[in-house]
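In what follows, a single structure is set out as structure tokens and then discussed.
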């Protein structure tokens with residue numbers, strides 16, 4: 040009995056196809072297994088990643104970074120975990136980043152540039168404070184405060200000066216840490232250019248005090264009573280030409296209160 044003639048070319052082609060199918064099936068099975076392993080719930084680490092294109096010098100904030108979760112076995116020692124975001128918040132980058140890039144400690148400049156923290160059109164003004172006017176040195180950068188002015192005179196009067204003012208720095212402290220946030224003699228505030236002039240002018244008329252505001256409290260009321268009072272009584276020079284800027288200190292026990300001059304007013308270097 041004769042066996043049918045087998046075409047060697049067809050046989051080789053069939054074997055090649057079979058090997059290809061088996062190889063593909065094996066690769067797919069291995070890939071699916073790895074995906075399943077990565078998908079399994081287990082210990083994870085949460086890292087800070089760029090959420091948009093960032094350039095060197097950009098300030099890190101919640102507006103341009105987000106969170107990425109990775110399995111603990113893929114943890115990176117130099118990556119910034121979400122739990123430590125406060126340590127880099129407000130700091131400038133030393134490198135360019137693309138969306139999804141993990142932020143490393145080595146990519147961040149650990150020295151804040153206060154001029155970069157000031158929005159365009161705003162000013163940072165530093166005013167002296169004491170325990171009473173700084174809420175017993177409990178203020179910290181990032182806090183929102185209301186300012187009150189107590190006018191000197193035979194009948195002292197306290198009126199609102201400004202509301203919802205952001206504290207940029209307490210002394211030389213530019214972050215929100217409370218560890219080294221005691222014993223400061225001044226605070227730096229983020230205000231508009233007009234408000235900076237009003238604060239400077241108010242300081243020559245009396246004592247400025249701060250009251251701490253809840254960060255979620257957005258209920259702002261009219262604070263024009265101070266300027267209205269000044270204009271009505273006509274007891275001061277025009278706001279554009281303030282006299283000696285001094286604030287009395289409540290700590291002094293001498294007959295005349297000890298005074299401190301207002302410090303420098305800063306602007307945004309990119310403005």
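Residue numbers (this note's numbering): 40 to 310. Built from N, CA and C at the ideal position, the CB exists for glycine as well.
Residue range of the alpha helix (DSSP H) that residue i falls in?
| i | result |
| --- | --- |
| residue 229 | No alpha helix (DSSP H) holds residue 229; the beta strand (DSSP E) holding it covers 225–231. |
Return the CA-CA distance between residue i and residue j, expressed in angstroms with no decimal places.
| i | j | result |
| --- | --- | --- |
| residue 311 | residue 101 | Given that the chain is displayed from residue 40 to residue 310, the structure contains no residue 311 and the question cannot be resolved. |
| residue 136 | residue 106 | 15 Å |
| residue 27 | residue 194 | With the chain running from 40 to 310 in the structure shown, residue 27 is simply not present. |
| residue 27 | residue 251 | The chain is shown only over 40 to 310; residue 27 falls outside these bounds and no answer can be derived. |
| residue 190 | residue 203 | 21 Å |
| residue 233 | residue 163 | 12 Å |
| residue 142 | residue 257 | 32 Å |
| residue 188 | residue 198 | 6 Å |
| residue 178 | residue 224 | 12 Å |
| residue 213 | residue 72 | 49 Å |
| residue 239 | residue 253 | 25 Å |
| residue 157 | residue 205 | 10 Å |
| residue 169 | residue 222 | 9 Å |
| residue 49 | residue 63 | 21 Å |
| residue 236 | residue 229 | 13 Å |
| residue 184 | residue 176 | 13 Å |
| residue 91 | residue 99 | 11 Å |
| residue 263 | residue 247 | 15 Å |
| residue 113 | residue 180 | 35 Å |
| residue 138 | residue 231 | 33 Å |
With residue i as the anchor, note down where its beta strand (DSSP E) starts and where it stops.
| i | result |
| --- | --- |
| residue 83 | 83–89 |
| residue 165 | 161–167 |
| residue 199 | 196–209 |
| residue 255 | No beta strand (DSSP E) contains residue 255, which DSSP labels as neither H nor E. |
| residue 105 | 104–110 |
| residue 188 | 183–190 |
With 16 other CB atoms within 10 Å as the buried threshold, where does residue i fall?
| i | result |
| --- | --- |
| residue 260 | exposed |
| residue 61 | exposed |
| residue 210 | buried |
| residue 95 | exposed |
| residue 59 | exposed |
| residue 342 | The shown model of the chain, from 40 to 310, leaves out residue 342, and the question about it has no answer. |
| residue 245 | buried |
| residue 85 | exposed |
| residue 274 | The predicted model places residue 274 with a pLDDT of 49, which falls under 50 and marks its position as unreliable, so this point remains unresolved. |
| residue 166 | buried |
| residue 159 | exposed |
| residue 70 | exposed |
| residue 52 | exposed |
| residue 265 | buried |
Throw me the rounded Cβ distance for the residue i and residue j pair, which I believe falls under 8 Å.
| i | j | result |
| --- | --- | --- |
| residue 227 | residue 207 | 5 Å |
| residue 174 | residue 241 | No, residue 174 and residue 241 are not in contact; Cβ-Cβ is about 19 Å, not under 8 Å. |
| residue 88 | residue 140 | 6 Å |
| residue 119 | residue 144 | 6 Å |
Is there at least one non-hydrogen atom of the ligand PLP closer than 6 Å to the beta-carbon of residue i?
| i | result |
| --- | --- |
| residue 262 | You won't find the ligand PLP in this model; it holds no ligand whatsoever. |
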